[in-house]
Each structure stands twice: as structure tokens, then as C-alpha cells.
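Accompanying notes for the structure given below.
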Amino acid sequence: MADITLAVDGTEVSVPVGATILDACRVLGKDQPTLCYLDNLTPVNVCRVCVVEVPGNRTLVPSCSRPVEEGMEVNTDSERVRHSRKMVYEFLASSVDLSLVDEETVDWMVRYGCDPDRYGPQADPVEDRDQRVAGHHHLGDGSTAETVHQPVKVDNELYIRDYSRCILCYKCVEACGEDAQNTFAIAVAGRGFDARISTEFDTGLTDSACVFCGNCIGVCPTGALMFRSEHELRLAGMWDEDDQTVTRTICSYCGVGCNLDLHVQDNRIVKVTSPMDHSVTSGHLCIKGRFGYEYVQELGDLAVTPIDQVLRRARVPDRDSSG
Amino acid sequence: MFGVGGGTCSYQEIETTDVILLWGSNAREAHPIFFHHLMKGVRNGAKLYAIDPRRTTSAMWADTWLGLEVGSDIALANTVAREIITAGLHHEDFIRHATRGFDAYAESVEPWTLQRGSEITGLPAEVIRRLAHDFAAADQAQICWTLGITEHHNATDNVLALINLALLTGHVGRYGSGLVPIRGQNNVQGGGDMGALPNRLPGFQEVEDPVSRGKFEALWGHPVPYQAGKHLSLMLEAMETGEITALYVIGENPAQSEARSDHARHLLRGLEFLVVQDILMTKTAELADVVFPAAAGWAETDGTVTSSERRVQRVRKALDPPGDARDDLAIISGLAERMGRGWGYPTAEEVWDELRSLSPNHAGMSYRRLAEEGGLQWPCYDEEHPGTLFLHGDLWDDPLPRHPAPFFSTPWAPPVDELSEDFPIRLTTGRRLDSYNTGVQSGGYSSPLRTAVALEVAPSDAHTLGVAEGETVRVVSRRGSLKAPVRFDRSLRPGLAFMSVHDPDEVDVNLLTIDAWDPKSGTAEFKATAVRIEPVG
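If you're matching them up, the sequences are chains E and S in order. When we follow our numbering, the leftmost residue of the first sequence carries the number 1, and every step to the right adds one. When we follow our numbering, the leftmost residue of the second sequence carries the number 1001, and every step to the right adds one.
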């Protein structure tokens, strides 16, 4: 197919038909910030941090999903683009716990001069976010920053949901749905500021359609969805990525040959991921591949390490989540 | 297939194919990431036919579910073939060019009218007709199968019946079309490729072929036994007759995984000497005279495994094995040394490089390339060879550079364990999403999905028997009996019951199963047991 030529920030670039503006930016080495975009998911265009300015368009356009056109002129760094991106980051950072986002996101926020504190101190958490229906949310008086804070949901042995960290990027919904798992256990409930990721009728995961593949954890950019093992180790102050090795191997179960990256700390597997750029898994696994590794590290009482003691807490189905 | 022991397609091909026959496979639970690829195909417009006695979670995604009688797969395949031929939808050019034995095959399926096929399989004739027409008329089509095809007394004929359909329609050797057996274990493909079969040398080369054998003898400086050995079912028979008195079991749990398991345990106990090499103290290891504690192949050692798309991939050591456990290579090398055959303690890569020197299919797969290219699909003949996306493309080359692919007549025979007045219920077995085989591995983690093994029955059967959900019943086959709670499962038709195999310590379903096995593959008929269900007083 013929290539399409466009200009990004004044530099010409040719990319194949069907490529997005983001693809063209990457060809030029001009990566754009993204939150809801991932190579293995269909873009849902919700986060708006990848927006760019294209003359002739009324609004800024999402670079992750807008196909290139011949002769298009793209501006990725205009005042309007910078301002829009800054506001998105600021609003998110003022209401959501972003302490576990990746370094790139932090770098973009610094670059755009984000100052989430200017919205005032955080408002008191509300207890009923999961019960709210459209129209429930009332505007504050402007003296405090609204918050999505709510207690961590710990309702099973394998993973937790900390929606205080959720930016509603939809990645988990897509991975649970058509883009990978086709299970549809979660969706966005509520409207406006009360929108949140929810199971049907807000049931616990064990009563929902969830099959515990953990593919939602694999795509979550903020740590809102987390291995129970990582959660417990963080609570105990023992999660130490500097002390972890990551080793690529193949799952020990069925014959599909899924690539696993074993995250190991103190000779114990503490997390399992899969490379997004591998043709077999595209980063997705099933419950056995992601969680079925305990049999190589349940070694009886003789060999229990401090890390084992914490990991054992992660094997209790339900636990008071206030800690 | 056609002399090559591997699936013909790559996973990516199912994403753009037009018709998928998912035959005897609950891939959504047993091979979930393959099912992701399959679902991409469905999303892209492929028509999915699920052929399975149970309306599984995979079948729920199908355009059409064919809930055939257990063990009637050949009847269905032969009927489909006859319909294709009768309707003139077979690929005459391909058949003439690339196959042999068509006329005899066509004659053999001639009795399989839609009406007869319908009677034997229990499927509506119109549904069989539609499958036949859709499959034959498709531009690209795949047949994917697993143990629902192979765990039968006539497993090999079941597979041949499916291969016949691909030859009949030219759905093999082209991108998007092919035959796709999805392997049940992470290295069952690699094990066979590496010669862990009684009739094969490493590289899937024939033991009984002097030329192949000669290569190994030259390198090893030692004669290689010139006769094929025994597969597992034959070994059990030889243990019964006393021909085999010592057994060395590596990473297998036959005390629980074999059909008619109490008999298998009896045979294992009767051995003079049993050595078990395993990562855990399995029920088989408990019977052993000597246990070699082994390291877990996928997380505690280096090596390779081969997937269902013939992709050889590296496994790597991420953990130190516990205690005195050593990797299989070190144990076998140590054993050789004590037997006076010191060949040193080679690394996994050194062993692999020797294999590459002997197996043309793997010659190009250096450890460096396997790492850099995310694995390679055999055949891969040299360091410049990119590996092979799909097999048997040469069936379309003109002139044909190989022997034509043969049709085989596949006569249908019902399951050995016949239903009768005393044993009126058909019990079949299988896997669940979160568990695996006898549970040695998967039992180690806490799964929120896991439920106790139960006898799953159609609700109407339970009503007939007067048993409630959760009530314990006795399940009796011609070989044994066990007690299990009843669970209702609306995916089952009346007359069909299901048990998973994952918790033999609690419910040993293989007390019931029959050890009738396929003479060609040695696989027992786990999928078809005749039972009756008795309330427990």
C-alpha cells in the first residue's frame, strides 16, 4: 500500500495507510504521552493526554486513534496542546492517588508544570462511591479537591482492587472484554465524577463473572489492580523492585507456550507478567499461568522465609482491608 | 501428520480464517490463550462450529454447537465427507495433485448418509449438512482438536478421519487452513520431537530407520537399540506379564493419571524396582524404592520446550531449587556416570547444540536466536532459515516434490465400554480452567474458582434418580465405584455425566475409567465410561 506523507511539528514523515498520528510521531522519535493507549488493546480515546492539534479540526484530536491523512499538519507541542494535557494530568492527580504510575508519566507532568495542589487540600473520602447513580454527585464549595478515594477491595486470594488509584482509562475493561479475555466481568458504572469500574451489581469478584486471568492487572497503569502478593508485600514494607530479578520462561501448564516473566524477590516468585510484544500471548495469560506457580515455592515449615510469611497472608480469601 | 508430528498452522492464522471446527476441545478452559487467538478469528467473522458432547464454555461462543454422542466423531466426520463428495464440493484438483487413495476412501464413506450419520451421532441431519457445506466452501478453514479426539480407543482413526476432511477440501498447506492439535502439556510436542517416544530418536527420526540411527551411533560411538520400545499402555501390559520388572518414571504420576488407576497402582507395587524422579512427592513417588528430587523444569532449570505451533522456546532458571533437588540433566548425567558411562555434566545449551547437529528440523535454532526471535518454529534448517509458519505448503507445489498424502478409510466403532441397562449413563472426563491434570501442580495455589470434584449431571437425570444437588451418590462402572457429590450442569444432555480429573486424592475418577487403549497411539479411552448412579442410603 502507498505511504501517506504528513508533517509533525514541521518535519515530514511517511507512514503506511491506516497508521495513526501516534505511529507517525513514534517513527520520528517523538513519543507522545498516553494513559489509556496500549499496543495490545483497541484505543478507546478516553484519557485525552495524547491529544495533538491539527489545523482544520475544531477540537484537539487523540493521536492514538486518529488515522493519518495526506498532507496533514500535526502540532504536538502548541500552547493549546500543552495546556490541555496539563489540565488532564492535574485533574487526575488532584483526585486520584498516582503514586505508583510509571516514570514517564511523572516526567510528562513535570514537563507541563502540573500543580495538583492548587485545587486545595483533598476532600474527605466518601463511603458510598459504589452505590452512587447518575446525578448523585454534588459540587463541592471549591475549597477542597474532590477525591475518588475508597478502601482497597480485598475479596480473594489472587488480586486486589484499589480504586483510589483508578484513572478510568478503561484498559482493564478492554482486556476483560473483546480485546483479549471476552469475559466481560467489569465495566464502567455511574456517570461523571462518580463513574467507576465495577462488577455487575458491585458484587465481589468471587461472585462475578471474573475468571481471575489477571489480564486487567497486566494492563493497569496506576497500580489500582495488583497481585495480592505485591499488595501484601507493600503493606509489610517488603516490596523491593530493586532487589527483584525478571526472568523470561515458558508456562508449565498446557501446550500453548505462553511466555512468562517471573518477577523474583528472595528466591520467591512475587509476580508474573507476559511480554506484550510476543505473538503467543500479546501480554495476556490465564489463571494458571499468572497465579499457578505456588507449587514451586510451598516448601513446608522448614524453609519458611520472612517473605513467605507475608505471602501466606495473601492466601487467605478475605481479610480486613483497612490495613 | 503425513510423517511429521506437529500441527500444521500457527496461532495467528486462526485470527483471519473463515471457518473453525473446534472438535473435542474446550479450549476456553483448557487452552485459554489459544482461545484468545480463536476469538479474534470469531470477531473477524469466522464461523465457529463447536463439536463436543458438552455445551462447554467454548461451545457457548460457537455459531453452531454439535452436541454429538460421545465417541461418534468418526461417524460425524465420515458423514461430513460423504456429504461434501455427494454435493461435489470436494477439491478435485488438490485431490488429484496431492493425495492418493481417494477412490477407496470415497467408497468407504458411501454408506454414511446424512440419515445414518444423524442416527449414530444424535445430531440433526441439517446441521451436519450445513457444517459440511460451510467447511468445504470456505476459502480458509481449520480443524482444531484436543483430547476429545485422542482419549478414545480409536484415537488414531479419529485423527485420521479429521485429516481426511482437510485433504478432501484442500484445507491444508495454505495460510489460514490446516490441522491444529492443541497440545495438553507445555512440552508434549517437544518431548515427542526430542525422541521421548518409543519409536523415535531425537528430531522425530525413526528408531527403526538405519540411516537415522547411524547418525546417532556415529556421534555417540555406541549402538542404539534397533527396535522401537513400548509406549505406556504396553509397558503396563509388560508389567502385568512380568516382562518389565523395573521402572524409571520421570515427571509422570501414573499411579493416579492412568485409566483404571487401582490396577495401575497394583502393577507399580508389583515391580521389583521403581525409581521416580519428580519435583514433588507424588502418589507414584510414594511407591518408589528410590526418589530423585528434581528441579522444576520451567522455573528452576535452563532448557527448551516446544509449543503446539511447533515453536521452540527457552525456559530459564529463575529460582534456586529447594534442598538437594537437581535438574533432570544433572540427575541423568550423574546416573550415567555411576553406570560407568561418564559423559560429564554438559550444560543445557551443549546438549541442545548436539541435538541441533543431529536433527535437521532444529539445526538453525541457536540459543541466541531463540532468545532474540522469541522462539522459532520448526523446521528451521540453518542459521539463516526464518522457521516455518505452516507445514505442507509443498502439497500445492507443481510438480509435487513429495509423496502424495494418503487418505485412510476410517471405520467407526462405538466406545468399548458399552451402555447397557445396568450402566446407562455415559461418563466423560476433562479439565477445568483453574486446574491441571492430577492437580500435583495446580493444587498448590488457592483458586477462587475451584470447587470440589463432583459428579456433574443433567438436572433432568438427577430428578429421575431422585437426588438433589449436593447429595452424595455412588458412581459405579464395570471396573470400580466411588462416592461423589452431585452437581447440576445444564451444559450436559440427559444421559451424559462429567467429572474433572484434578483431585484424585478426594475423588479418583480413574477408578471408573476403562483401560482399553488405541493400538496405534497407546492412549486409553478416558472419555467414554459407562456408569450407573446410585443414591447412597
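Even glycine gets a Cβ: it sits at the ideal position worked out from N, Cα and C.
- In this structure the segment 1445 to 1458 of chain S touches the segment 291 to 298 of chain E; the number of beta carbon pairs closer than 8 Å is three or more.
- Interface flag for Ala209 of chain E against chain S is unset, since no Cβ pair is found closer than 7 Å.
- If the five residues before and after Arg80 of chain E are omitted, its C-beta is found closer than 6 Å to the C-beta atoms of Glu53, all from its own chain and listed in chain order.
- Straight through space, the alpha carbons of Gly1270 of chain S and Val1290 of chain S are spaced by roughly 15 Å.
- Under the Cβ distance rule, Phe201 of chain E does not count among the residues neighbouring chain S, no pair being separated by less than 7 Å.
- A distance of 7 Å or more separates the beta carbons of Val1159 of chain S and Thr1428 of chain S.
- Where Tyr1105 of chain S is concerned, the enclosing alpha helix (DSSP H) starts and stops at 1102 to 1109.
- Pairing Leu1068 of chain S with Cys1144 of chain S gives a Cβ-Cβ distance that is not under 7 Å.
- Gln131 of chain E counts as exposed, since fewer than 16 other beta carbons sit within 10 angstroms of its beta carbon.
- At least one CB atom of chain S sits nearer than 7 Å to the CB of Ala180 of chain E.
- At the C-beta level, Gly1430 of chain S and Leu1232 of chain S stay beyond 7 Å of one another.
- If the five residues before and after Thr1282 of chain S are omitted, its C-beta is found closer than 6 Å to the C-beta atoms of Asn1253, Val1440, all from its own chain and listed in chain order.
- Of all residues in the segment 283 to 302 of chain E, only His284, Leu285, Cys286, Ile287, Lys288, Gly289, Phe291, Gly292, Tyr293, Glu294, Tyr295, Val296, Gln297, Glu298, Leu299 place a beta-carbon less than 8 Å from a beta-carbon of chain S.
- When only Cα atoms are considered, His1031 of chain S and Glu1525 of chain S end up about 21 Å apart.
- For Cys251 of chain E, the C-beta contacts it makes with chain S under 8 Å involve Asn1186, Trp1298, in order along the chain.
- Straight across, the Cα-Cα distance linking Asp1320 of chain S with Arg248 of chain E is about 15 Å.
- Taking 8 Å as the Cβ-Cβ cut-off, the segment 1355 to 1371 of chain S has no residue approaching chain E.
- Secondary structure at Asn75 of chain E: strand, using DSSP grouped into helix, strand and coil.
- Glu1337 of chain S carries a helical assignment under DSSP once its states are collapsed to helix, strand and coil.
- In the three-state DSSP reduction, His1133 of chain S falls in the helix class (H, G or I).
- In the three-state DSSP reduction, Met1499 of chain S falls in the strand class (E or B).
- The secondary-structure analysis by DSSP pairs Cys1144 of chain S across a beta bridge with S:Leu1022, S:Val1180.
- Within the segment 1241 to 1306 of chain S, the complete alpha helix (DSSP H) segments at least 4 residues long are 1254 to 1257, 1261 to 1269, 1283 to 1286, listed from N- to C-terminus.
- According to the DSSP assignment, Ile1014 of chain S belongs to no alpha helix (DSSP H), since it is labelled neither H nor E.
- Residue pairing for Leu1482 of chain S: DSSP places it in a beta bridge opposite S:Val1475.
- For the segment 1445 to 1456 of chain S, the residues whose beta carbon sits under 7 Å from a beta carbon of chain E are, in order, Tyr1445, Ser1446, Ser1447, Pro1448, Leu1449.
- Phe1488 of chain S sits in a strand when the DSSP states are folded into three classes.
- Note on Pro306 of chain E: under 16 other CB atoms within 10 angstroms of its CB, so exposed under the neighbour-count rule.
- Secondary structure at Tyr1445 of chain S: coil, using DSSP grouped into helix, strand and coil.
- When DSSP reads this structure, Val246 of chain E sits in a beta bridge with E:His263.
- Per DSSP, Lys1047 of chain S lies in no alpha helix (DSSP H); the unbroken beta strand (DSSP E) holding it starts and ends at 1047 to 1051.
- In this structure, Gly1203 of chain S lies away from Asn1437 of chain S, with their beta-carbon atoms at least 7 Å apart.
- By the criterion of a C-beta distance shorter than 6 Å, Ile1095 of chain S is surrounded in its chain by Phe1102, once the five residues flanking it on both sides are discounted.
- For the segment 222 to 250 of chain E, the set of residues with a beta-carbon nearer than 9 Å to any beta-carbon of chain S comprises Thr245, Val246, Thr247, Arg248, Thr249, Ile250, in chain order.
- Around the C-beta of Phe1273 of chain S, fewer than 16 other C-beta atoms lie within 10 Å, and the residue is accordingly described as exposed.
- At a cut-off of 7 Å, the C-beta of Gly1242 of chain S has no neighbouring C-beta in chain E.
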